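Chemist: Dropping a structure here in structure tokens format, bear with me for questions.
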Amino acid sequence: MAYYASAGADEGEEPKSDGERFRSQITFESLLLHVLTVMSDHDPNDKRLDDRKLVARFTEVLETLPPDSVGEWSRRFAYTLLKCRYLFDRLVLKRDATKGTGRIDPSDDSGGWSLMSFRRSSEDKTSGYYRDTFNRESVGSTDRTDLQRRLVLLESMLRVTYTGPRTMHWITLVLRTALASFPEKVEGTFDRSFAELYLVALTNYARSKVREAMGWPGLDAGTKVPRIVFTYTDYLLVIGPEHSTLFADYQFGYRTSVEHFRPQRPEKDIDQRLVGLSDATSLELFGNLALVTVSANSRFSNRSPADKADYHPDARRQSPKLEAMCALLERSNREWKDAQIREHGEAMRALLEDDLALEGTY
């Protein structure tokens, strides 16, 4: 990782010192466990990525091997680790201190999300620069949202959804997908066909998690709705052609608090003609919920939907779903009642179901 962090900067940039520019999202111990999981060909589970059990995991594997094959297995692991490290550095996003803060609240890491590869200078082999891993030169143009941006958005969505190292099974998937595509030589550039294969693999992984959540506990489970449902909904809204301008610079940040747009206990001075509900269960429907930071949830408090839309633009920009709710509020003469909650919920359900039907594509 130190090499990735210090090897250089974009052409024309002042290089930053070792570890100052890029920040990996996992430790080296976690990478070892991902490689071990890739080699063992087991289905991923949280126990396999628990770095507190690093020695136990290796011991468990080695004890199953005949004594005369331990050396061969160790050499194969070392070679696989080198390949995975190369692929990890180029295919798993990091924080880049040169891309602005990308911050939503102080708990977030500094820097924007980055998916870059180091290139040696053609004139001076001892220096180099960084460029996007899936740049236009390597993948060509596309009539869909840029492949590089799609992958950065999708990986960052998964990163902020599954925050614990033991739950980052998508990284194992990245390594497995890449190793299957490059069984021997892993040097060079990644072309469009691999970019699309890679994007489909990650998209299908996210879809599987959303499909599981929609089965149980379902979309209308209030604060029990899994985070992946909110973040993947936001992802679909960002990449949708109708929102390409509105969310052109959107970055995923860490959000853990489920916000009730129509508050559960509204302030006494709120006009009930605008927020009155005929069915109290509407409060916990997906159409009334969005994922925001704890600080944003605190600022929103029990204020009316109109106040939240008007006075907290930074907070509402955290969630494209929340932006969509604010837009519906404006179209509904500032009302946010049962009808608006159900309309938005049905629209978001349709968005998710339409996407889930596209299994095998991106």
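Each residue of the sequence shown is one higher than the last, beginning at 1304 in my numbering.
Glycine included, every Cβ here is placed at the ideal spot set by N, Cα and C.
What you are looking at is a predicted structure, and each value in this text was computed from that prediction instead of being measured.
Could you check what DSSP says for residue 1659 in three-state terms: helix, strand or coil?
Modeler: The answer is helix: DSSP assigns residue 1659 an H, G or I state.
Chemist: Do residue 1590 and residue 1651 count as a contact pair if the criterion is CB distance below 8 Å?
Modeler: Going by C-beta atoms, residue 1651 is nearer than 8 Å to residue 1590.
Chemist: Assign residue 1358 to buried or exposed, taking buried as 16 or more other Cβ atoms, counted over all protein chains shown, within 10 Å of its Cβ.
Modeler: Per the 10 Å Cβ criterion, exposed.
Chemist: Under the rule that 16 or more other beta-carbon atoms within 10 Å means buried, what is residue 1575, buried or exposed?
Modeler: Exposed, because fewer than 16 other Cβ atoms sit within 10 Å of the Cβ of residue 1575.
Chemist: In whole angstroms, what separates the C-alpha of residue 1511 from that of residue 1571?
Modeler: Cα to Cα, the separation comes out at about 43 Å.
Chemist: Would you mind sorting residue 1639 into buried or exposed? The rule is 16 or more other CB atoms within 10 Å of its CB.
Modeler: Burial call: buried.
Chemist: So for residue 1431, helix, strand or coil by DSSP?
Modeler: Strand, per DSSP.
Chemist: DSSP three-state call for residue 1399: helix, strand or coil?
Modeler: Here residue 1399 sits in strand by DSSP.
Chemist: Within the same chain, show all residues whose beta-carbon is closer than 6 Å to that of residue 1461, passing over the 5 residues directly before and after it, in chain order.
Modeler: Answer for residue 1461: 1473, listed in chain order.
Chemist: Run through DSSP, which three-state label would residue 1597 get?
Modeler: Reduced to three states, the DSSP call for residue 1597 is helix.
Chemist: For a test of the three-state rule: what should DSSP assign to residue 1419, helix, strand or coil?
Modeler: Note: residue 1419 maps to strand in three-state DSSP.
Chemist: Cβ of residue 1327 within 8 Å of Cβ of residue 1397?
Modeler: Going by C-beta atoms, residue 1327 is nearer than 8 Å to residue 1397.
Chemist: Can you list, in chain order, the residues of its chain whose CB lies under 7 Å from that of residue 1469, leaving out five sequence neighbours each side?
Modeler: The residues are 1349, 1352 and 1353.
Chemist: Rounded to a whole number of angstroms, what is the C-alpha to C-alpha distance between residue 1393 and residue 1455?
Modeler: Cα-Cα distance, rounded: 12 Å.
Chemist: Kindly examine the ligand SAH and report whether one of its heavy atoms sits closer than 7 Å to the Cβ of residue 1586.
Modeler: For the structure depicted, the ligand SAH is absent and the ligand set is empty, with no information on it obtainable.
Chemist: In whole angstroms, give me the CA-to-CA distance for residue 1627 and residue 1534.
Modeler: Rounded to whole angstroms, residue 1627 to residue 1534 spans 14 Å at the Cα level.
Chemist: Alpha carbon to alpha carbon, how far is residue 1580 from residue 1525?
Modeler: Approximately 16 Å between the Cα atoms of the pair.
Chemist: Below 8 Å, how does it come out for the segment 1557 to 1570 and the segment 1599 to 1618: are there three or more Cβ pairs, yes or no?
Modeler: With a cut-off of 8 Å, the segment 1599 to 1618 and the segment 1557 to 1570 count as touching, because enough Cβ pairs lie within range.
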